[in-house]
Amino acid sequence: MAQQAGLQEAIALQPKNELKIYSKLSFNTLKDKLNQVYNNGIYFVGLDNHVGYVLIKDQEIYFLHSSYCDDKVVIELAETSPCFQSNLYVFAEITTNANLIKKWIFSEALIIPKT
């Protein structure tokens, strides 16, 4: 999935009408919105030029990704991560997504949309 556009990857995980898509927000506004709609858990995030995962824990936002900034896998505060800066954020549920969990348990394939 790493070579797919962030939106296409998100759609593979969750129907498009259930995704949360935000654009041109300050970090604090984005954080507030995420904490309003999501609970503690792991979420996929597609950015302008990168993809990764967001961990929400006690209303703090962490970015888990293969860093092109430091050439390693990192877990860092999203607020201070240069790789998390984006004009577009596309979120899909992972740990709170019952359909995705079911597919994982029953080894069902994910359908990757064609671009």
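What the sequence shown shows, in the numbering used here, is residues 53 to 167, in sequence order.
We put the CB at the ideal spot given by N, CA and C, even for glycine.
Every value quoted in this text rests on a predicted model; they were computed, and no experiment measured them.
Beta-bridge annotation (DSSP): E128 is paired with F115.
Shown here for K83: same chain residues with a beta carbon closer than 6 Å to its own, the five before and five after excluded, namely I113 in chain order. Contact between L140 and L99 holds, since their C-beta atoms are separated by about 7 Å, short of 8 Å. Bridge pairing for K72: F143 [DSSP]. With a beta-carbon spacing of about 5 Å, V125 and S118 fall inside the 8 Å limit used to define contacts.
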